[in-house]
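Trainee: Going letter by letter, the sequence shown gives residues 11 to 553 in the working numbering.
For every residue, glycine included, the Cβ atom is placed at its ideal position computed from N, Cα and C.
Quick caveat, the model's predicted, so the values are computed rather than measured.
I have a structure here, written as structure tokens, and I will follow up with some questions on it.
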Amino acid sequence: MEELRDNMTMILIDDIRSVTEGIATQIDWERHGITICGKAQNGEDGMRLIESCKPDIILTDIRMPKLDGIALTQRVKQLLPKSKVLLITGFTDFEYAQQALRLGALDIITKPFSLRQIEDAVLEAKQVLQDERQKSVKFEQMEQRIKQSMPVLRQEYFQLLIRHQADRDSSRNRLEFLQVDLEPEHLAVMVLEIDRFGDECKSFSIREIELTRYALQSIVEETILEHTKGVVFRESWNRFVAVFNVSEVIDISALGELCREHVNRFTRYTVSIGLGREVEHIHELSESYVGGLAALSFHFYTGGNGVFSFRDAMSTKRYLTLYSREEEQELSLAIRSGNKQRAVSLLESMFARLSILDPLPEPAKLVNICCELGFMMLRTLQEKLPLEEVATFEHKLQEVRSNTTSFAGLKAQIFDICVKGCERIESIYRNEAAQIIDQTVKYIRNNLHADLTVAHCAKRVHLSESYYANLFKKITGATFNQFVTQERIEQAKRLLIDGIPVQEVSELLGYLGRRYFSDLFRKHTGLTPSEFRQQYAGRAQEE
11 MEELRDNMTM ILIDDIRSVT EGIATQIDWE RHGITICGKA QNGEDGMRLI
61 ESCKPDIILT DIRMPKLDGI ALTQRVKQLL PKSKVLLITG FTDFEYAQQA
111 LRLGALDIIT KPFSLRQIED AVLEAKQVLQ DERQKSVKFE QMEQRIKQSM
161 PVLRQEYFQL LIRHQADRDS SRNRLEFLQV DLEPEHLAVM VLEIDRFGDE
211 CKSFSIREIE LTRYALQSIV EETILEHTKG VVFRESWNRF VAVFNVSEVI
261 DISALGELCR EHVNRFTRYT VSIGLGREVE HIHELSESYV GGLAALSFHF
311 YTGGNGVFSF RDAMSTKRYL TLYSREEEQE LSLAIRSGNK QRAVSLLESM
361 FARLSILDPL PEPAKLVNIC CELGFMMLRT LQEKLPLEEV ATFEHKLQEV
411 RSNTTSFAGL KAQIFDICVK GCERIESIYR NEAAQIIDQT VKYIRNNLHA
461 DLTVAHCAKR VHLSESYYAN LFKKITGATF NQFVTQERIE QAKRLLIDGI
511 PVQEVSELLG YLGRRYFSDL FRKHTGLTPS EFRQQYAGRA QEE
């Protein structure tokens, strides 16, 4: 960088010694920050001084022996283009002096002159030099800042280039200005995303995150540059974009696979890569980027560490059906009844069909269809659950739409809504059933003398006999008749201990004959009613 300084040097050249001596001694040059570094009486001696001293200012007579002012000015401008030449000339040499000005002399001083004129002319030359040097320093500083910010400028330019169409000629000029070693023809875009980087770097410091991203970017860039020209820049905190010239040495897919492999080998991370199509010129780069972005979305199915081509995105079906209307209705019925096993079986069938589709559907379409399925499940849950509980499931469904990044995650979230919804409804049914059976149990215990039948009790709670019988066994663990018999036997024990006669006990418990009651009692206790009374009543009296 050019030095910005106040002190300057000057050489005086005139064939009259008294002139150079007078100018050198009668003006206080030191006060003006100017040092006289030499004096000469002819042009050739003056030129030798100029070559050795390299002065900032040369004050010379235009008419000089051996080398006149015109020739000297020409040589000075070649040797020291930034130095300033001041010419002393007479009126008769005016046209001659004009020629010198055209050749680069700064100013002319006509004879006769005063020391003040000389001083003013030299100080003006000094000011011109200072202004030029200041401009030069500012320009160099600006160049340095541009050089330092070049990576940012490149990134900003390519960020625009992949999103907007550019003019062909301006694109070429911009590449040259940004010093990008990239041919503007036959290009493709590679979009790379660090898999699960958000989870991986939660505990990282900013420095660790920056070092990680720098390392991955360097690996990708080095891999590409081994085979073709290219540039890699950051698009977001976990995503890079590579723009490269399509090469005959290696095809696009193979290059993408190499980048994936090298990141996997040299770091503990994996990347998913989407490859855009080749475009003829750099101004079409946005088309390749769109294709690469669409291709990248297919890492949804693999969970990462894969390379996907724009052809994967182009070959997807326009329309996608995950389930039929009949399956939707059947799933709704299964959820409504709390039949978790059936609901899960239906979902498994739907997703199993999806996994064998070829080509695989566009991930965004699949997410939308699964969200529609989720909304159907929500509508069913709304019929059975309180609004505050439904709101929890709605939040889960919003997570599906906004935060699902993989097929496995999508499937897990949909199944989670289904399973937890079924379990909650089943719990409600179970509580309702328990209340119904609890009422029946109380009725049975209060009416052990009556003719207790499944039909009678089912009618009391408005259920069918078969459903009621199954429900009763599910809640109590015993059949209806087993439970009634057990309750009667327990009541019989209490009555016998209290001294109630066997015949009366039999009648109080709804048994028509003493013999039948005695046989039944012995079957369940191993004792006849009389033996039981004798054994246990005696103990009660002793106690």
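1. Straight-line CA distance for ALA550 to ASN441?
2. So, using beta-carbon positions, are VAL410 and CYS381 closer together than 7 Å?
3. Between which two residues does the beta strand (DSSP E) containing GLU245 stretch?
4. Thinking C-alpha only, which one of PRO373, ARG335, GLU337 is nearest THR312?
5. Which residue or residues does DSSP assign as beta-bridge partners of PHE318?
6. I'd like to confirm something about ASP177: is its beta-carbon nearer than 6 Å to some heavy atom of the ligand HEM, or not?
7. Just how far apart, CA to CA, sit ILE44 and LYS157?
8. What does a CB cutoff of less than 8 Å around GLN545 pick up in its chain, not counting 5 residues either side in sequence?
9. Under 8 Å: do the segment 188-208 and the segment 226-243 share three or more Cβ pairs, one atom per stretch?
10. Work out the CA separation of ALA479 and GLU553 for me, nearest whole Å.
11. Which stretch, first to last residue, makes up the beta strand (DSSP E) that contains LYS49?
12. Say whether the segment 180-192 touches the segment 155-169, bearing in mind that this needs 3 or more beta-carbon pairs closer than 8 Å, one atom from each stretch.
13. In whole angstroms, what separates the C-alpha of PHE310 from that of LEU357?
14. At 4 residues or longer, and completely inside the segment 16-101: list those alpha helix (DSSP H) runs for me, N to C.
15. Run through the segment 137-213 for me and flag every whole beta strand (DSSP E) of 3 or more residues, listed as ranges in chain order.
16. Flag this pair as yes or no: are the beta carbons of ILE72 and GLY79 separated by less than 7 Å?
17. Need the endpoints of the beta strand (DSSP E) that THR120 sits in, please.
18. Which class does ARG249 belong to by DSSP, given the choice of helix, strand or coil?
19. Can you tell me which of VAL300, ASN491, SER412 puts its alpha carbon nearest to the alpha carbon of THR450?
20. Given 8 Å as the limit, is there contact between the segment 299-310 and the segment 331-350, that is, 3 or more CB pairs closer than that?
21. From the DSSP output, which residues share a beta bridge with VAL410?
22. Output needed for GLU497: all residues of its chain with C-beta closer than 7 Å, excluding positions within five of it in sequence on either side, in chain order.
23. Does DSSP put VAL471 in a helix, a strand or coil?
24. When DSSP builds the beta bridges, which residues end up paired with PHE403?
25. The beta strand (DSSP E) with HIS237 in it runs from where to where?
26. Work out the CA separation of ASP141 and MET11 for me, nearest whole Å.
27. Does DSSP put HIS534 in a helix, a strand or coil?
28. Does the Cβ of HIS293 have 16 or more other Cβ atoms within 10 Å, making it buried, or fewer, making it exposed?
29. Is it the case that the segment 79-94 contacts the segment 35-42, given that we only count it when at least three CB pairs across the two stretches are under 8 Å?
30. What residue range is occupied by the uninterrupted alpha helix (DSSP H) comprising VAL259?
31. Beta carbon of VAL289, beta carbon of LEU197: below 7 Å?
32. What residues match up with VAL289 in a beta bridge as DSSP calls it?
33. State yes or no: is the C-beta of LEU506 within less than 7 Å of the C-beta of ARG543?
34. Three or more beta-carbon pairs under 8 Å between the segment 402-416 and the segment 359-370, yes or no?
35. Considering Cα atoms alone, identify which of PRO194, PRO161, VAL86 is closest to ASP177.
Mentor: Judging by the given coordinates:
1. With a pLDDT of 44 at ALA550, under the threshold of 50, the modelled position of that residue is not reliable, and the figure given next carries that caveat. ALA550 and ASN441: Cα-Cα distance of roughly 40 Å.
2. yes
3. 240-246
4. PRO373
5. GLY284
6. Absence of the ligand HEM is noted for the structure shown, with no ligands found whatsoever.
7. 35 Å
8. LEU537
9. yes
10. Since pLDDT at GLU553 reaches only 36, below the 50 mark, its modelled position is unreliable, and the value read off the structure follows with that caveat. Going by the C-alpha atoms only, they are around 42 Å apart.
11. 44-50
12. yes
13. 19 Å
14. 27-36, 53-63, 79-89
15. 195-204
16. yes
17. 117-120
18. strand
19. ASN491
20. no
21. Paired residue(s): none; VAL410 is not in a bridge.
22. ILE454, ARG455, LEU458
23. coil
24. Note: PHE403 sits in no beta bridge, so no partner.
25. Neither: HIS237 is in no beta strand (DSSP E) and is coded neither H nor E.
26. Caution applies to MET11, whose pLDDT of 46 falls short of 50 and renders its modelled position unreliable; the value that the coordinates give is listed next. Approximately 15 Å, taken between the alpha carbons.
27. helix
28. buried
29. no
30. Neither: VAL259 is in no alpha helix (DSSP H) and is coded neither H nor E.
31. yes
32. LEU197
33. yes
34. no
35. PRO194
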